[in-house]
Structures are given as structure tokens and as C-alpha cells.
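Some notes on the structure that comes next.
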Amino acid sequence: MNTTKSLDQPTGNPATVVGQIIAWLESVSYDTLIATPARIFIAATFWLSGRTKVDGLLSINQSAFFLFENEYALPVIPSRLAAHLATYAEHLFPLLLIVGFASRLSASALLLMTLVIQVFVYPDAWRTHLLWASALAFLVFRGPGALSVDHFLRRRYENRKARGVR
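Residue 142 in the working numbering is what sits at position 101 of the sequence shown, and the numbering runs on without skipping anything.
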């Protein structure tokens, strides 16, 4: 009869239970816990902002033009062009982030947008912008995680490359 306990079986000892919990937490990939929620959080934030600027699907409303001309008043770009670029960016890049396609490009674009908002529009809202920038920087540097089209395409490319297929 074997009297040794498997490391996989809890012993009831609090130190062992804590150790097993820590080992399990460390085995969960970062993307499951961080990248996917970060993509959803950022996508929702920018998507909802974009929806306030349109009537219907993508018809920019007059209040958006008013805001870009009078409140946002970017010094480096005409207000009408800024309204169009921001509105389309706030619709396109969140959709790409949700499915995880061109995620680093999308996160980079939204990070740039966040920096513009911070510097030129609402400099006192740095706490909010720092939160956005942190999530976006994570996605730029670490990628969208395994639950993404980018991950699927990368794996497919790596498998084809390993087999010598172009």
C-alpha cells in the first residue's frame, strides 16, 4: 500500500492549500485574466464614447461637431476632420479589439488618441487616462491573448512555417 500523498491532492494543511492555490493561479495564462478583460474594457469605453457622436449607424451629429469646434478645439487639426477621425476610430478600433484582430495596431491608435485627449482636451482627467493608457500599453506590448483572432492567425502561421509551407 502506498502511503505517500500526491502533490495534486489537498492535505488539509493550510500552507499546502495556499501553495496549491498559488500554483493554480500561476498556471492560468495572463491573457485569460488580463488581456481579454482589458480588450473588453477599452473597447466598451471608446465604443460608448463613439456612439454619443452619431445618429443612426455612423452619421456624425451636430453636437459632436459643436464639441470638437468649441470644447475640444484641438490646435493641430481642423475640428471637422478631428470629429470624423475620432468618431470612426471610436467605432472601428473597439470592434477590432473585441474580436482580437489587429489588436496591437488598434491599441496603439487608441493609446495615441488617449494621449491627445490628455494633452489637449482634458489634462485634469489624468487618472482616467492613465487607467486607459495602462490597459492599452499592456495590449500593445503583450498582445491580445489566446482568445483572439490574432492568436489564432499567429499559431496558424507558426505551424505552417514549422512544416515549411508558405
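Glycine residues also receive a C-beta, built at the ideal position from the N, C-alpha and C atoms.
A straight line joining the alpha-carbon of V160 with that of V58 spans about 48 Å.
Distance from the CA of L89 to the CA of S144, rounded to the nearest whole angstrom, comes to 19 Å. Taking the Cα positions, A123 is about 12 Å away from N111. Under the DSSP assignment, Q61 falls in the alpha helix (DSSP H) whose first and last residues are 55 to 68. Annotation for P135: the continuous alpha helix (DSSP H) segment containing it runs 120 to 140. Taken through DSSP and simplified to helix, strand or coil, V160 comes out as helix.
In this structure, the straight-line span from the alpha carbon of A130 to that of T73 is close to 26 Å.
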